[in-house]
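Participant:
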Amino acid sequence: MDNLLQTLEVDLPQRESLDEFLELIIPEIRKWGEDLYETEYYSQQGGKPWLEFRDEDNFHNTVLHFFNEGSEYLKSTDGNVIRGKWRLLENTNKMIIESGNNTELFELAFLNSTFFILRKHGEQQRRRKYLVLGYEPATSGLEWLDYVELLFNIVRANNRKVQVTTAAIIIVILIV
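Taking our numbering as reference, the numbering of the sequence shown is continuous, increasing by one, and the terminal residue is 229.
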């Protein structure tokens with residue numbers, strides 16, 4: 054049985070960039086995610102720290118994002134804080150983030166208690182397509198590729214459930 058399950062193990066395909074990995078993984082996991090109106094997943098009293106991930110070689114900053122109650126948005130880059138606001142567009146999975154002189158529109162790509170991934174609206178040919186965040190206590194110390202592996206574990210876990218169910222059905226059929 055273990056050999057059968059190992060044979061069916063899902064490996065993370067190789068990609069070149071964080072955006073390419075996300076384009077591969079998000080369609081597979083979206084159905085297990087939450088919606089933006091479920092604010093308890095990304096906002097909590099006192100602040101919920103979301104650590105930013107990028108695949109840029111020169112990105113070595115610690116950037117934390119907070120989506121606080123009352124629409125307060127805080128972005129801390131190595132301890133230097135910029136204040137702003139966030140708000141949801143009603144009946145959509147879209148969020149506007151205002152920070153400094155910047156106002157950006159994002160669409161939800163994936164959200165759960167560990168991962169918060171927003172896709173910048175519009176065509177982002179030369180820029181990052183995603184704002185990639187991980188709940189700091191769960192993702193601190195990870196490199197971006199480790200983050201991708203952790204995210205892909207959602208695919209693995211759900212495939213594993215299907216595999217175990219299938220194997221159990223096969224065993225029952227063989228016994229009967």
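Heads up, the beta-carbon is just placed ideally off N, CA and C, and yes, glycines get one too.
Just so you know, these numbers come straight off a predicted model, no measurement behind them.
1) How is F120 classed by DSSP in three states: helix, strand or coil?
2) Nearest-angstrom Cα distance between D64 and E87?
3) What first and last residue would you give for the beta strand (DSSP E) that runs through E125?
4) Which class does A210 belong to by DSSP, given the choice of helix, strand or coil?
5) Considering only residues of the stretch 134-187, which uninterrupted beta strand (DSSP E) runs meet the minimum length of 3 residues and lie entirely inside it, listed in chain order?
6) Rank S70, E143, F205 by C-alpha distance to the C-alpha of E109 and give the top, closest one.
7) How many Å lie between I135 and I82 at the Cα?
8) With the cut-off set at 8 Å, would you say E160 and N146 are in Cβ contact?
Facilitator: Looking at the atomic coordinates:
1) strand
2) 25 Å
3) 125-130
4) helix
5) 147-152, 155-164, 168-173
6) S70
7) 32 Å
8) yes
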